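**Q**
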Amino acid sequence: MTASALNVLMVTRELSDDRRYGLGRSLTPVVQALRSKGWQVRYLCQDDLPDSAKAGRARWLTWLGKLPGFAGVPNRQLMLGALAERLQMGWFAAQTARGEGFTSVQLHDPWLACGFHLGMKVLGLRGVRWGVAEHGFGCYSRATHEDGLTQGPRTQRWLRRLEAATLASAHWVTAPTQLSLDQLARDLALPANPRHWQTIPHAAPQMVLPSRQQARCSLGWNEHDLYVLGVGRFAPLKRFDLLVDSWVGLAGRYRNLHLQLLGGVVAQNFQQTADALGLGDRIHFSVVEDVKPYLAAADIYVSTSATESFGLANFEALVAGLPCVCTAVGGVPEVMGQGAWLIPVEQHALQSALDELINQPVQREVWSARAATRARQASNLEIVTDQYAELFTH
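In terms of the numbering used here, the sequence shown opens at residue 304 and continues consecutively.
Shown next as structure tokens:
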């Protein structure tokens with residue numbers, strides 16, 4: 304393949320602001336690494352969609368939302384809006400690939416890919432290899448349903464058939480864990496994983512952490528207090544309620560125990576719970592671009608997600624060498640292995656694990672060492688970038 308053909312269009316439905324903790328956080332280093340190897344890479348997201356196209360979609364959705372079956376049914380209107388957004392973004396990707404001469408296209412969800420495939424056919428786009436990256440655990444209808452995009456049984460069946468047909472047409476399908484691919488095949492009722500499916504993990508982040516003392520000083524944290532860290536969107540499937548309730552159950556006994564949550568503005572229900580118990584000054588909420596000071600300063604990292612395909616925040620805490628307590632859901636056991644204390648999605652299990660780690664500094668040291676050992680086994684950026692380059696050229 305000639306140097307001029309070394310190009311790829313990466314397509315997501317994210318906005319630029321969504322990249323703080325989401326997909327863009329893991330994709331950006333790969334994009335930069337491919338560019339350093341001579342690839343032309345464009346990262347296409349919702350911000351690139353013309354305002355006229357967004358306005359047109361809004362008009363269509365307003366009209367469709369008045370039709371029988373949609374009028375007065377918020378769940379169906381939300382579903383229609385989500386699907387229309389992805390299909391339009393996929394179509395826009397087909398237009399961009401044709402206009403800018405891209406020969407490889409990576410679409411970061413199957414509904415985007417469906418819109419792209421349709422656009423390819425209508426626009427007569429030829430000579431382009433394309434594939435789908437699945438970032439949820441299992442099929443996309445399952446992932447979006449669990450994330451709050453409610454779908455009835457008939458809608459689920461239709462969406463799964465659409466996803467199966469789209470994936471069958473793609474040149475490749477990737478997921479960050481083998482467990483995710485296996486669940487995807489089960490959800491789509493496939494007898495085995497197709498040969499064009501493969502696992503490409505997220506690369507181990509390259510982090511240079513400040514010292515614990517420097518980090519605590521910059522954050523205004525007390526040197527002698529204990530801080531538990533949670534990171535992620537404040538969405539129901541992240542189950543931050545389990546973490547907050549477990550912390551509340553321990554904070555009365557441990558007067559120096561704090562909880563720091565990164566990923567959203569103050570969750571009023573959590574703050575009110577803490578305030579009512581006189582603990583309000585020990586629960587903290589932040590939205591930050593750089594999590595490294597928090598990873599360097601914290602004593603324990605906790606993830607209480609009900610589902611995860613990979614768990615990038617978990618992975619970053621592992622690489623930082625923090626003692627990690629994570630729910631054993633989705634692809635988490637494959638990613639974290641023996642490097643994290645894996646528990647069920649249950650408050651008693653979490654509170655017991657935290658109690659032991661708080662009480663026994665030696666145990667924190669043991670789990671920190673396990674995290675470091677596991678992190679050394681992870682694929683680095685060079686390996687992951689080479690996997691993508693191989694994917695796009697063969």
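Just so you know, even glycine gets a beta-carbon here, dropped at the ideal spot from N, CA and C.
In this text the structure is predicted, and so the values were computed from the model without any measurement.
Any chance the segment 341-349 sits against the segment 307-317, with 3 or more Cβ pairs inside 8 Å?
**A** Touching, yes, given that three or more Cβ pairs across the two stretches are closer than 8 Å.
**Q** Report all residues from its chain with a CB closer than 6 Å to the CB of Q459; omit the five preceding and five following residues, and keep chain order.
**A** Only S444 meet the Cβ criterion.
**Q** With a CB to CB cut of under 8 Å and the five nearest residues on each side skipped, what residues in its chain are close to T305?
**A** Legend: pLDDT at T305 = 45, less than 50; position of this residue unreliable, value from coordinates given subsequently. For T305, where only same-chain residues beyond five positions count, there are no Cβ hits under 8 Å.
**Q** Take S307 and list the residues in its own chain whose beta-carbon comes closer than 7 Å to its own, dropping the five residues that flank it on each side.
**A** Residue placement at S307 cannot be trusted, given a pLDDT of 49 that sits under 50; the coordinates are not used to answer.
**Q** Rounded to a whole number of angstroms, what is the C-alpha to C-alpha distance between N683 and L367?
**A** So the alpha carbons of these two residues sit roughly 47 Å apart.
**Q** Would you say A397 and L370 are within 7 Å of each other, going by their C-beta atoms?
**A** Cβ atoms of A397 and L370: not closer than 7 Å.
**Q** List the endpoints of the continuous beta strand (DSSP E) containing Y557.
**A** Per DSSP, Y557 belongs to no beta strand (DSSP E) and is neither H nor E.
**Q** Should the segment 439-453 be called in touch with the segment 485-494, which here means at least 3 C-beta pairs below 8 Å?
**A** A contact exists between the segment 439-453 and the segment 485-494.
**Q** CA-CA distance, Q563 and A620?
**A** Using only the alpha carbons, I get a separation of about 14 Å.
**Q** Could you say which of M382, L330 and N496 lies nearest to W461 if we only look at CA atoms?
**A** When only C-alpha atoms are compared, the closest one is M382.
**Q** So what's H587 in DSSP terms, helix, strand or just coil?
**A** Correct three-state label for H587: strand.
**Q** Give me the residue from G451, E437, S339 and A506 with the minimum Cα distance to W475.
**A** Closest by alpha carbon: E437.
**Q** Whose C-alpha, out of A656, G624, Q654 and S608, is nearest the C-alpha of G633?
**A** The residue with the shortest Cα to Cα distance from G633 is S608.
**Q** Can you tell me where the alpha helix (DSSP H) with T447 in it begins and where it stops?
**A** That run of the alpha helix (DSSP H) goes Y443 to E449.
**Q** Can you have a look at W363 and say buried or exposed, based on whether 16 or more other CB atoms are within 10 angstroms of its CB?
**A** With fewer than 16 Cβ atoms within 10 Å of its Cβ, W363 is classed as exposed.
**Q** What is the rounded straight-line gap between the Cα of D365 and the Cα of Q454?
**A** Residue identity check: residue 365 is Thr in the sequence provided, not Asp. The straight-line gap from Cα to Cα measures roughly 20 Å.
**Q** List the endpoints of the continuous beta strand (DSSP E) containing A692.
**A** Not the beta strand (DSSP E): A692 falls in the alpha helix (DSSP H), residues L684 to T696.
**Q** Taking 6 Å as the limit between beta carbons, can you name the residues of its chain near V628, skipping five residues before and five after?
**A** Here the set comprises V605, W644 and A656.
**Q** Could you tell me the distance, in whole angstroms, from the CA atom of V547 to the CA atom of F573?
**A** One C-alpha to the other measures close to 7 Å.
**Q** Which residue or residues does DSSP assign as beta-bridge partners of C629?
**A** Paired residue(s): S606 and L645.
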